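In my numbering, the protein residues as written are 7 to 150.
Written out as structure tokens, the structure reads:
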């Protein structure tokens, strides 16, 4: 049995609790071996990730799923800035959800660290997208 500390850590950050629950359910249903954590508050996520980075904790997320659009004011974008500025966090792969319908062919067309995906309105489509992008990211070699 694999201990939970050794499993890849997937962090979902979204102001929409329904989106968080949908993503969690999709990952649970997919039987992917991973730990799922989440924040529905960008300021708390920012503080937590900064603390982990500044304390040089080794248990960084393997992947962050972030929808910066739904947070109050610029909180989501401030979090994104933190994830890009601090070297300890700047290596964590991100999936950024956008309002624009763009390609979801992650491996073929997108930057190795930051993937962009249009967030589908239908929960079933969102579940499929979350599962597919996490599966593809977990197959990628670690970035250092």
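Glycine residues also receive a C-beta, built at the ideal position from the N, C-alpha and C atoms. None of these values were measured; they are calculated from a predicted model.
Between the stretch 55 to 74 and the stretch 9 to 28, the count of C-beta pairs closer than 8 Å reaches three or more; the two stretches touch.
Linking residue 53 to residue 40 through their CA atoms gives a straight-line distance of about 23 Å.
In the displayed model, residue 83 falls within a helix according to three-state DSSP. Cβ contact annotation for residue 92 (same chain, cutoff 6 Å, sequence separation greater than five): 59, in chain order. Residues 36, 38 of the same chain have their beta carbon placed closer than 8 Å to that of residue 141, with the five preceding and five following residues left out of the count. A direct Cα-to-Cα measurement between residue 79 and residue 48 gives close to 11 Å. Judged by DSSP in its simplified three-state form, residue 42 adopts strand. Runs of the beta strand (DSSP E) spanning 3 or more residues and lying entirely within the stretch 16 to 71 occur at 41 to 45, in chain order. The residues 100, 102, in chain order, have a CB closer than 7 Å to that of residue 120 in the same chain once the five nearest residues on each side in sequence are set aside.
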